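Protein chains in written order, with numbering that gives the first Met the number 0: chain A, 0 to 288; chain B, 0 to 319. We put the beta carbon where it would ideally sit given N, CA and C, even for glycine. All of these numbers come straight from a predicted model, not from anything done at the bench.
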Amino acid sequence: MNWFTDILPGIKKKKGKSAATVPDGVWSKCPGCNTAIYSVELRKNCYVCANCDHHQRIGAEERARLVFDAEPALSPLGMEVRPVDFMNFRDGGGGKSYAEKLREAQKDDARREAVFACRGTIGGRAAVAAIFDFSFMGGSMGSVAGERFTRAVEDAAESGAPFISFASSGGARMQEGVVSLVQMAKTTAALARLSARRLPHISVLTDPTTGGVAASFAMIGDVVVAEPKALIGFAGPRVIQETVRERLPEGFQRSEFLRERGGVDLIADRRELREVLISLLSLLRPPGG
Amino acid sequence: MVQLLEFERGLEPLEAEIKTLSLSEDAGADEIVKQMRALRKKRDAMLGRLYGNLTDWQTCQVARHPARPQALDYIRALFTDFTELRGDRAYGDDAAVVAGLGKLGDKPAVILGQQKGRDTAEKIRRNFGMPGPEGYRKAMRMMDLADKFSLPLIAFVDTPGAYPGIGAEERGQAGAIGQCLYRAATMRAPGLTVVVGEGGSGGALALAAGDYIGMLRHAVYSVISPEGCASILWKEAARAADAAEMLGLTAAKLKKRLLIDEVIAEPPGGAHRDSAAAIAAVGAALEKALAQLERLETGLLLEKRARRWREYGEYSEKGK
Numbered sequence: 000m001n002w003f004t005d006i007l008p009g010i011k012k013k014k015g016k017s018a019a020t021v022p023d024g025v026w027s028k029c030p031g032c033n034t035a036i037y038s039v040e041l042r043k044n045c046y047v048c049a050n051c052d053h054h055q056r057i058g059a060e061e062r063a064r065l066v067f068d069a070e071p072a073l074s075p076l077g078m079e080v081r082p083v084d085f086m087n088f089r090d091g092g093g094g095k096s097y098a099e100k101l102r103e104a105q106k107d108d109a110r111r112e113a114v115f116a117c118r119g120t121i122g123g124r125a126a127v128a129a130i131f132d133f134s135f136m137g138g139s140m141g142s143v144a145g146e147r148f149t150r151a152v153e154d155a156a157e158s159g160a161p162f163i164s165f166a167s168s169g170g171a172r173m174q175e176g177v178v179s180l181v182q183m184a185k186t187t188a189a190l191a192r193l194s195a196r197r198l199p200h201i202s203v204l205t206d207p208t209t210g211g212v213a214a215s216f217a218m219i220g221d222v223v224v225a226e227p228k229a230l231i232g233f234a235g236p237r238v239i240q241e242t243v244r245e246r247l248p249e250g251f252q253r254s255e256f257l258r259e260r261g262g263v264d265l266i267a268d269r270r271e272l273r274e275v276l277i278s279l280l281s282l283l284r285p286p287g288g
Numbered sequence: 000m001v002q003l004l005e006f007e008r009g010l011e012p013l014e015a016e017i018k019t020l021s022l023s024e025d026a027g028a029d030e031i032v033k034q035m036r037a038l039r040k041k042r043d044a045m046l047g048r049l050y051g052n053l054t055d056w057q058t059c060q061v062a063r064h065p066a067r068p069q070a071l072d073y074i075r076a077l078f079t080d081f082t083e084l085r086g087d088r089a090y091g092d093d094a095a096v097v098a099g100l101g102k103l104g105d106k107p108a109v110i111l112g113q114q115k116g117r118d119t120a121e122k123i124r125r126n127f128g129m130p131g132p133e134g135y136r137k138a139m140r141m142m143d144l145a146d147k148f149s150l151p152l153i154a155f156v157d158t159p160g161a162y163p164g165i166g167a168e169e170r171g172q173a174g175a176i177g178q179c180l181y182r183a184a185t186m187r188a189p190g191l192t193v194v195v196g197e198g199g200s201g202g203a204l205a206l207a208a209g210d211y212i213g214m215l216r217h218a219v220y221s222v223i224s225p226e227g228c229a230s231i232l233w234k235e236a237a238r239a240a241d242a243a244e245m246l247g248l249t250a251a252k253l254k255k256r257l258l259i260d261e262v263i264a265e266p267p268g269g270a271h272r273d274s275a276a277a278i279a280a281v282g283a284a285l286e287k288a289l290a291q292l293e294r295l296e297t298g299l300l301l302e303k304r305a306r307r308w309r310e311y312g313e314y315s316e317k318g319k
């Protein structure tokens with residue numbers, strides 16, 4: 000919960016004050032069209048700009064709130080799994096260590112990590128989700144993200160519930176070396192076990208989904224849904240640009256581009272995503288469920 | 000004489016002397032032979048010292064040495080009746096991934112290898128060992144074959160990484176790697192991998208998600224290239240040496256974390272100084288590992304594989 004927007008929604012922009020002095024969280028500029036948006040409105044609109052339909056990046060718990068039923072309350076999964084700087088990853092040269100970066104990303108909540116996993120209901124039907132949070136070290140997948148994801152998949156498999164993943168990540172977490180790389184195989188193998196029980200995996204790709212997350216569980220959902228204009232790909236555009244040294248095509252690696260080339264099944268506006276998921280879950284019911 | 004790497008420059012005078020002597024008119028004379036033997040001994044001792052204490056960045060350079068044996072060198076030397084199989088049955092044939100059937104000893108196997116290429120023409124044809132989605136789809140075909148005929152899948156990993164190009168993205172690079180990982184998890188046959196050179200991130204993992212992973216002592220396997228890591232951390236690819244130390248990418252470091260099963264010894268001075276010895280060592284390691292895996296009944300093999308990949312991860316658990 001953002002205490003600022005929730006507790007102080009009454010604060011209005013004072014006339015004559017420059018934009019620079021407006022407190023964060025009350026008004027914000029849409030990164031898509033630069034329009035100033037009142038945060039209460041933005042929140043009501045699922046963090047989509049009413050003017051240009053730009054889908055802002057959102058936190059994992061906010062995402063859960065948008066998708067799951069308000070009642071019964073969500074049960075978080077694997078929150079006790081916490082990151083460790085096991086490689087003692089220091090970047091010399093006065094930079095921050097991994098441990099420091101983790102502390103910074105956790106802010107005042109040590110449970111925060113790049114994945115928030117939970118169980119709840121969507122349209123009255125039980126479902127389990129693993130949700131990536133780009134604001135936590137670029138949503139990078141390390142041991143904690145991989146483990147929470149896997150526990151969520153296993154929870155779905157054991158309870159016979161469908162599993163939904165929401166990707167928002169730059170890829171593997173470099174500071175955990177190959178241990179982070181193998182999370183790709185770990186999460187994918189877990190999904191194979193879910194599949195063996197004939198339970199659905201719906202993968203929702205949000206901005207951005209790249210690197211090791213795109214190249215593991217994200218693209219192998221039974222149904223792959225993307226939010227509009229999300230960046231989705233294996234390599235980031237900058238790396239590709241440096242490699243091929245030619246102009247990237249218009250809209251390259253965006254959801255619409257992928258849909259045209261057969262990379263995703265459908266694009267869903269975030270304001271309709273919950274309904275899309277309810278519909279998919281009703282169609283892909285586990286045998287006997 | 001092999002091309003010397005930066006850190007081997009100290010060997011130059013010795014190598015030059017050896018070369019001069021070997022080319023001299025009386026190279027066969029007792030005195031010269033004796034002299035050469037002494038020089039070689041001195042050189043080998045120096046090599047031993049250098050290679051016994053490689054920094055991680057030096058190891059990266061050895062792993063990328065242009066004369067290092069490549070996947071096809073291993074495949075041609077270790078397998079009889081090698082029959083190359085091509086194509087992904089959808090779009091094209093990716094020459095960065097060599098695939099086929101052959102026999103290791105008397106045992107038929109399905110073979111995969113990432114091939115960087117030797118001369119310029121081959122390097123270009125093979126895209127420097129950087130596979131596109133067609134390469135990974137070809138790999139999946141091989142997993143299907145291994146599964147159907149209960150043949151072991153033997154893969155040689157040597158890639159800077161999956162290719163970051165426009166066409167590769169358009170044709171679903173990320174999805175192809177993800178599907179490879181998925182297929183590797185379900186394949187009802189043993190999967191064996193040896194990282195023989197460079198194991199570049201997800202592009203390498205796609206062929207290394209099976210039951211046995213061996214790695215040559217001076218090969219590297221990393222979540223990101225040292226150059227890529229340095230440019231993210233310090234906006235300076237030139238600090239790759241510092242990054243290499245932090246990434247834990249050597250065989251010895253990976254073995255410590257149980258990310259690989261075995262460190263395969265290399266001949267003195269690296270695999271590129273004695274390809275035959277390196278190939279023989281890899282062959283022996285594969286035969287031993289295969290014999291062990293073949294003893295497992297399929298259900299147990301799959302169970303062990305599932306457990307192996309399930310357990311990867313280092314984290315704390317509050318309250319436990």
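Which residues of chain B have a Cβ atom closer than 8 Å to the Cβ of MET86 of chain A, listed in chain order?
-> Indexing the first sequence from 1 puts residue 86 of chain A at position 87. What MET86 of chain A touches in chain B: MET245, GLY247.
Using a beta-carbon distance below 9 Å, is SER281 of chain A in contact with chain B?
-> Working through the first sequence from its first residue, we reach residue 281 of chain A at position 282. Judged by the 9 Å Cβ criterion, SER281 of chain A is not in contact with chain B.
Mind listing the chain A neighbours of VAL96 of chain B? Cutoff is C-beta to C-beta under 9 Å, in chain order.
-> For the purposes of this step, residue 96 of chain B is taken as the residue at position 97 of the second sequence. Here the premise fails: no neighbours, minimum Cβ distance about 16 Å.
In three-state terms, what does DSSP make of GLY175 of chain A?
-> Residue numbering aside, residue 175 of chain A sits at position 176 when the first sequence is read from its first letter. The sequence as given places Glu at residue 175 of chain A; Gly does not occur at that position. Note: GLU175 of chain A maps to helix in three-state DSSP.
Would you mind telling me which residues of chain C sit closer than 7 Å to VAL222 of chain B, beta carbon to beta carbon, in chain order?
-> Of the chains in the structure shown, none is chain C; the protein chains are A and B.
Using 8 Å as the threshold, is the segment 111 to 124 of chain A in touch with the segment 254 to 261 of chain B, meaning 3 or more CB pairs across them?
-> no
Report the rounded CA-to-CA distance for GLU293 of chain B versus PRO189 of chain B, giving the unit in angstroms.
-> Your numbering for residue 293 of chain B matches position 294 in the second sequence. Your numbering for residue 189 of chain B matches position 190 in the second sequence. Whole-angstrom Cα-Cα distance: 7 Å.
Does any CB atom of chain A fall closer than 9 Å to the CB of ARG272 of chain B?
-> By 1-based counting over the second sequence, the position of residue 272 of chain B is 273. Output row for ARG272 of chain B: interface = no.
Using a Cβ cut-off of 8 Å, pull out every chain A residue sitting near ARG309 of chain B, in sequence order please.
-> For the purposes of this step, residue 309 of chain B is identified with residue 310 of the second sequence, where counting begins at 1. By Cβ distance, chain A contributes THR149, LYS185, ALA188, ALA189.
Report buried or exposed for ASN50 of chain A, applying the criterion of at least 16 other Cβ atoms within 10 angstroms of its Cβ.
-> Stepping through the first sequence from its first residue, residue 50 of chain A is reached at position 51. Exposed.
By Cβ distance, which residues of its chain are closer than 7 Å to LEU276 of chain A, with the 5 residues on each side in sequence left out?
-> Numbered from its first residue, the first sequence carries residue 276 of chain A at position 277. Closer than 7 Å at the Cβ level, and outside the excluded window around LEU276 of chain A, lie VAL66, ILE121, ILE163, ILE201.
Whole runs of the alpha helix (DSSP H) within the segment 124 to 211 of chain B, excluding any shorter than 4 residues = 132 to 147, 165 to 169, 172 to 185, 200 to 204
Could you tell me whether any Cβ in chain A is nearer than 9 Å to the Cβ of GLN178 of chain B?
-> Your numbering for residue 178 of chain B matches position 179 in the second sequence. For GLN178 of chain B, the answer is yes, since a Cβ of chain A falls inside 9 Å of its Cβ.
State the DSSP-derived secondary structure class of THR20 of chain A, mapped to helix, strand or coil.
-> For the purposes of this step, residue 20 of chain A is identified with residue 21 of the first sequence, where counting begins at 1. At THR20 of chain A the pLDDT is 43, less than 50, meaning the model places this residue with poor confidence and gives no usable figure here.
Figure out for me which residue from A:ARG118, A:ALA126, A:SER167 has the closest Cα to the Cα of PHE226 of chain A.
-> Within the first sequence, the letter at position 227 stands for residue 226 of chain A. What sits at residue 226 of chain A in the sequence shown is Glu, not Phe. Nearest option by C-alpha distance: A:SER167.
Got a sec, what are the start and stop residues for the alpha helix (DSSP H) PHE148 of chain A sits in?
-> Here residue 148 of chain A corresponds to residue number 149 of the first sequence, with the count starting at 1. Taken as a continuous stretch (DSSP letters only), the alpha helix (DSSP H) holding PHE148 of chain A covers 142 to 158.
Taking all protein chains shown into account, decide if PHE78 of chain B is buried (16 or more other Cβ within 10 angstroms of its Cβ) or exposed.
-> Within the second sequence, the letter at position 79 stands for residue 78 of chain B. Buried, since its Cβ has 16 or more Cβ neighbours within 10 Å.
Spatially closest choice to ALA191 of chain A from A:ILE219, A:GLU175, A:GLN182, A:ASP132, by CA coordinates | As a working mapping, residue 191 of chain A is identified with position 192 in the first sequence. Per the Cα distances, A:ILE219.
Pull up the distance between the alpha-carbon of THR20 of chain A and that of TRP26 of chain A, whole angstroms please.
-> Here residue 20 of chain A refers to the residue found at position 21 when the first sequence is read from its first residue. Here residue 26 of chain A refers to the residue found at position 27 when the first sequence is read from its first residue. The predicted model places THR20 of chain A with a pLDDT of 43, which falls under 50 and marks its position as unreliable; any figure quoted below should be read in that light. Cα to Cα, THR20 of chain A sits roughly 11 Å from TRP26 of chain A.
Whose CA, out of A:ARG237, A:LEU204, A:ALA156, A:GLU249, lies closest to the CA of ALA195 of chain A?
-> Translated into the one-based positions of the first sequence, residue 195 of chain A becomes position 196. Checked all of A:ARG237, A:LEU204, A:ALA156, A:GLU249; the closest Cα to ALA195 of chain A is A:ALA156.
Does any residue of chain B bring its CB to less than 9 Å from the CB of VAL21 of chain A?
-> The residue you call residue 21 of chain A lines up with position 22 of the first sequence. Bear in mind that a pLDDT of 43 at VAL21 of chain A, under 50, signals an unreliable position, so the number given afterwards is only what the model happens to contain. Cβ-Cβ to chain B under 9 Å: no for VAL21 of chain A.
Could one say the Cβ of GLN113 of chain B lies closer than 9 Å to chain A's Cβ atoms, at least one of them?
-> Here residue 113 of chain B refers to the residue found at position 114 when the second sequence is read from its first residue. False, the Cβ-Cβ gap to chain A never drops below 9 Å.
For GLN34 of chain B, which three-state DSSP category applies?
-> Here the question's residue 34 of chain B lines up with position 35 in the second sequence. Here GLN34 of chain B sits in helix by DSSP.
By how many angstroms is the C-alpha of MET186 of chain B removed from the C-alpha of LEU180 of chain B?
-> The residue labelled residue 180 of chain B in the question sits at position 181 within the second sequence. The residue labelled residue 186 of chain B in the question sits at position 187 within the second sequence. Their Cα atoms are separated by approximately 10 Å.
Between A:GLU146, A:LYS95, A:LYS228, which lies nearest to PRO82 of chain A when the distance is taken from Cα to Cα?
-> Counted from its first residue, the first sequence places residue 82 of chain A at position 83. Here the closest residue by C-alpha is A:GLU146.
What is the DSSP secondary structure of GLY15 of chain A, reduced to helix, strand or coil?
-> For this step, residue 15 of chain A is matched to residue 16 along the first sequence. Residue confidence for GLY15 of chain A is low, a pLDDT of 41 falling below 50, so the modelled location carries little weight and cannot support an answer.
Can you check whether the CB of ARG150 of chain A is closer than 9 Å to the CB of GLY211 of chain A?
-> Locating residue 211 of chain A in the first sequence gives position 212, where the first residue counts as 1. Locating residue 150 of chain A in the first sequence gives position 151, where the first residue counts as 1. No, they are not a contact pair.
Selection from A:GLY58, A:ASP84, A:ALA144, A:ARG124 that minimises the alpha carbon distance to MET134 of chain A = For the purposes of this step, residue 134 of chain A is identified with residue 135 of the first sequence, where counting begins at 1. For the sequence presented, residue 134 of chain A should be read as Ser rather than Met. Nearest of A:GLY58, A:ASP84, A:ALA144, A:ARG124 to SER134 of chain A, Cα basis: A:GLY58.
What is the DSSP secondary structure of CYS32 of chain A, counted as helix, strand or coil?
-> The residue given as residue 32 of chain A occupies position 33 in the first sequence. DSSP places CYS32 of chain A in coil when its eight states are reduced to three.
Spell out whether any CB of chain A is found under 9 Å from the CB atom of LEU232 of chain B.
-> Your numbering for residue 232 of chain B matches position 233 in the second sequence. So yes, LEU232 of chain B belongs to the interface.
Only counting runs of 4 or more residues, tell me where the alpha helix (DSSP H) segments fall wholly within the segment 221 to 285 of chain A, in order along the chain.
-> 236 to 243, 254 to 259, 269 to 282
Would a C-beta distance cut-off of 9 Å place ARG36 of chain B and VAL195 of chain B closer than the cut-off?
-> In the second sequence, the residue the question calls residue 36 of chain B occupies position 37. In the second sequence, the residue the question calls residue 195 of chain B occupies position 196. No, these two residues do not count as a Cβ contact at 9 Å.
Between the beta-carbon of ALA242 of chain B and the beta-carbon of PRO225 of chain B, is there less than 9 Å?
-> Against the second sequence, residue 242 of chain B aligns to sequence position 243. Against the second sequence, residue 225 of chain B aligns to sequence position 226. Yes, they are a contact pair.
Taking the alpha helix (DSSP H) that PRO225 of chain B falls in, what are its first and last residues?
-> Here residue 225 of chain B refers to the residue found at position 226 when the second sequence is read from its first residue. That run of the alpha helix (DSSP H) goes 225 to 233.
Could you confirm whether any beta carbon from chain B is found closer than 9 Å to the beta carbon of MET136 of chain A?
-> The residue you call residue 136 of chain A lines up with position 137 of the first sequence. Not an interface residue.
Closest Cβ-Cβ distance between LEU73 of chain A and chain B: below 9 Å?
-> If you number the first sequence from 1, residue 73 of chain A lands on position 74. Taking Cβ atoms only, chain B never reaches closer than 9 Å to LEU73 of chain A, which makes this a no.
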